[in-house]
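Participant: Protein chains in written order, with the working numbering: chain A, 1 to 289; chain B, 1 to 288. The structure under discussion is supplied below as structure tokens; questions concerning it will follow.
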């Protein structure tokens with residue numbers, strides 16, 4: 001099909017193909033690197049220990065487990081999504097019929113702007129404003145805790161979730177809304193019982209993408225979650241995520257057992273996000289068909 | 001926090017480039033001759049790459065700049081990365097000098113065959129919020145506080161408030177010396193918050209009236225208060241004279257036989273000119 005392309009089209013074609021191959025190779029290289037660096041763990045039987053043992057690198061008999069970080073990552077991401085998702089559905093519903101049209105558009109513009117704020121700014125603002133507030137709640141603790149990270153991260157992933165749902169509703173809403181309204185529904189009824197159910201696949205996609213973004217985030221957790229290597233017993237406990245753990249340990253002596261725990265953390269994160277993106281692909285595919 | 005390190009790295013890289021560009025312009029000029037410590041660089045040429053601990057950068061840059069101004073045939077690059085990166089890079093032969101804010105581990109020393117060159121002393125001290133009434137702590141009190149055995153400031157003569165612990169990351173040279181020499185390898189409570197830099201520690205402790213943490217002496221200012229340890233006030237002078245015991249050395253590390261340029265650089269930094277750079281950067285020169 002591409003046999004008779006003019007010269008510059010052919011060039012563009014080659015460039016695009018080259019870029020695609022390059023990206024593919026880089027992705028493969030990352031997988032390969034993670035597998036090679038975790039190989040001793042996977043084959044040496046150390047994987048079980050690294051999942052179960054506590055993180056006590058400086059104890060008399062040191063142990064280097066990342067179980068507490070896995071729990072912290074899961075708790076933080078799940079709670080952030082649980083908070084951000086209903087909010088996001090609210091924002092999208094407001095913009096697609098429940099609220100005044102102009103205000104809705106303005107709100108979407110604000111959300112769009114939120115995506116362009118660097119993560120470090122969220123972290124910085126949280127350290128300066130949110131941490132002292134949480135500390136003074138009266139529940140004890142330093143303010144650097146799971147709750148602070150959940151609130152900050154919810155803000156961070158809200159735009160992702162909103163924009164994914166909004167993109168789908170932009171296609172669906174005009175015709176479905178009109179049908180609903182013609183049947184005598186209020187805009188809220190039409191949205192809740194017709195439009196949102198029709199967009200449920202993209203709601204799930206948005207949920208999974210929000211979770212991916214939350215579990216992959218490093219800076220917010222590193223700056224406000226406190227980074228204590230313990231499984232949280234309360235929202236006000238200091239916790240360390242897998243990503244923050246990688247960032248904190250990366251600069252250690254590269255032959256130490258502490259350093260090797262990074263590969264395990266990276267492998268876990270990689271497997272998790274890979275699995276989740278497969279889920280997204282499935283969901284997306286079904287929604288389109 | 002980590003981004004600050006990146007920004008540093010970017011600045012250093014830029015600065016090095018600017019310096020290099022400057023050198024290019026003056027290549028035609030004859031090499032200046034002099035009798036000072038810089039005369040060791042007369043007749044030398046080539047490049048010297050340095051990477052590692054971020055605490056070292058101001059000293060390395062000052063030395064590099066004066067050397068390259070003296071002899072434009074020499075090119076010196078200074079990069080950051082942290083102590084671990086410094087050791088790794090010099091060990092793998094990627095740089096000539098790898099800086100670290102800690103002594104080498106036995107493993108690193110034997111695996112790579114590295115040699116260490118200390119050139120500065122840096123103290124580390126416990127810090128609290130300036131409003132905290134605790135002005136002095138014994139070593140035992142400090143260890144109990146960090147272990148979590150003493151959980152309220154009132155037990156050590158302070159206000160009735162829960163102690164908020166802050167410690168540093170696993171890779172921190174500051175943590176290593178504080179843990180070894182102030183806490184005598186005692187436990188640090190698992191629930192203690194972990195921050196990734198001296199700057200982040202300062203922000204955390206300065207913002208929390210009940211906080212307890214520790215910083216490098218170079219970071220001590222009016223935002224923080226350093227309680228006396230076992231009756232010894234925390235001052236640069238006490239640290240320099242060894243009266244205050246919690247100090248670490250900053251090291252340059254090299255591998256194998258030194259080139260004449262590397263040797264000259266190390267002599268320069270450990271010599272009188274280097275001592276001035278060390279003081280200007282807020283650290284203490286090595287005792288003579």
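C-beta: ideal position from N, C-alpha, C; glycine also. The model shown is predicted, which means the values in this text are computed figures rather than measured ones.
If you draw a straight line from the C-alpha of residue 261 of chain B to the C-alpha of residue 90 of chain B, how long is it?
Facilitator: 16 Å
Participant: Output the boundary residues of the alpha helix (DSSP H) element that contains residue 212 of chain A.
Facilitator: Under the DSSP assignment, residue 212 of chain A falls in the alpha helix (DSSP H) whose first and last residues are 200-216.
Participant: Using 8 Å as the threshold, is the C-beta distance between residue 122 of chain B and residue 224 of chain B below it?
Facilitator: Note that the C-beta distance between residue 122 of chain B and residue 224 of chain B is not below 8 Å.
Participant: Helix, strand or coil for residue 52 of chain B per DSSP?
Facilitator: strand
Participant: Is residue 69 of chain A helix, strand or coil when you go by DSSP?
Facilitator: helix
Participant: Throw me the rounded Cβ distance for the residue 343 of chain B and residue 274 of chain B pair, which I believe falls under 8 Å.
Facilitator: The question about residue 343 of chain B has no answer, for chain B in this structure spans 1 to 288.
Participant: Who are the near neighbours of residue 268 of chain A in its chain, counting only those whose CB is closer than 7 Å to its CB and skipping five residues on each side?
Facilitator: Its chain contains 70 and 242 as the residues whose beta carbon lies nearer than 7 Å to that of residue 268 of chain A, once the 5 sequence neighbours on both sides are disregarded; these appear in chain order.
Participant: Are the beta-carbon atoms belonging to residue 215 of chain B and residue 127 of chain B less than 8 Å from one another?
Facilitator: yes
Participant: To the nearest angstrom, how far is it from the Cα of residue 26 of chain A to the Cα of residue 263 of chain A?
Facilitator: The C-alpha of residue 263 of chain A is placed about 18 Å away from the C-alpha of residue 26 of chain A.
Participant: Could you pull the start and end residues of the beta strand (DSSP E) that residue 123 of chain B belongs to?
Facilitator: 114-128
Participant: Is the distance from the Cβ of residue 126 of chain A to the Cβ of residue 249 of chain A below 8 Å?
Facilitator: no
Participant: Would residue 121 of chain A count as contacting chain B if we go by Cβ distances under 8 Å?
Facilitator: no
Participant: Which residues in the same chain have their Cβ closer than 8 Å to the Cβ of residue 264 of chain B, if we skip the five residues on either side of it in sequence?
Facilitator: 40, 41 and 44
Participant: Exposed or buried, what is residue 39 of chain A when buried is set at 16 or more other beta-carbons lying within 10 Å of its beta-carbon?
Facilitator: exposed
Participant: So residue 198 of chain B is in the alpha helix (DSSP H); what residue range does that whole segment cover?
Facilitator: 198-206
Participant: Thinking C-alpha only, which one of B/133, B/137 and B/194 is nearest residue 233 of chain B?
Facilitator: B/137
Participant: Let me know if residue 120 of chain B comes out buried or exposed under the rule of 16 or more other beta-carbons within 10 Å of its beta-carbon.
Facilitator: buried
Participant: What residues match up with residue 255 of chain B in a beta bridge as DSSP calls it?
Facilitator: Looking at the DSSP assignment, residue 255 of chain B forms a beta bridge with B/114.
Participant: What residues match up with residue 76 of chain B in a beta bridge as DSSP calls it?
Facilitator: B/48
Participant: Suppose contacts are defined by Cβ-Cβ distances below 8 Å. Is residue 202 of chain A in contact with residue 162 of chain A by that definition?
Facilitator: no
Participant: Take the Cβ of residue 219 of chain B as the centre, count every other Cβ of all protein chains shown within 10 Å, and call the residue buried at 16 or more, exposed below.
Facilitator: buried
Participant: Counting C-beta neighbours from all protein chains within 10 Å, is the total for residue 56 of chain B 16 or more, i.e. buried, or is it exposed?
Facilitator: buried
Participant: How many Å lie between residue 61 of chain B and residue 257 of chain B at the Cα?
Facilitator: 24 Å
Participant: Between the segment 139-154 of chain A and the segment 220-239 of chain A, do at least 3 Cβ pairs fall closer than 8 Å?
Facilitator: yes
Participant: Is residue 292 of chain A helix, strand or coil by DSSP?
Facilitator: Because residue 292 of chain A is not part of the residues shown, which for chain A are 1 to 289, the question remains open.
Participant: Count the other CB atoms, across all protein chains shown, that sit within 10 Å of the CB of residue 8 of chain A; report buried if there are 16 or more and exposed otherwise.
Facilitator: exposed
Participant: Does the beta carbon of residue 252 of chain A sit closer than 8 Å to a beta carbon anywhere in chain B?
Facilitator: Residue-level contact check: residue 252 of chain A touches chain B, since one or more beta carbons of chain B fall below 8 Å from its beta carbon.
Participant: Using a Cβ-Cβ cut-off of 8 Å, state whether residue 238 of chain A counts as contacting chain B.
Facilitator: yes
Participant: Among residues of its own chain, excluding the 5 on either side of residue 186 of chain B, which ones have a beta-carbon nearer than 6 Å to its beta-carbon?
Facilitator: 143 and 147
Participant: I believe residue 213 of chain B touches residue 204 of chain B by the beta-carbon criterion, under 8 Å. Please report the beta-carbon distance rounded to the nearest angstrom.
Facilitator: Contact holds; Cβ gap of about 6 Å.
Participant: CB residue 228 of chain B to CB residue 135 of chain B, shorter than 8 Å?
Facilitator: yes
Participant: Is residue 233 of chain A near the ligand SAM, in the sense that its beta carbon is under 7 Å from a heavy atom of that ligand?
Facilitator: With respect to small molecules bound, the structure shown includes none, and the ligand SAM cannot be examined in it.
Participant: Can you tell me where the alpha helix (DSSP H) holding residue 175 of chain A begins and where it ends?
Facilitator: 146-182
Participant: Less than 8 Å between CB atoms is the rule here; does residue 213 of chain A satisfy it with respect to chain B?
Facilitator: Not one chain B Cβ lies under 8 Å of residue 213 of chain A.
Participant: Of all the options A/260, A/214, A/282 and A/122, which has the alpha carbon lying nearest to the alpha carbon of residue 49 of chain A?
Facilitator: A/260
Participant: Across which residues does DSSP place residue 226 of chain A in a beta bridge pair?
Facilitator: A/239
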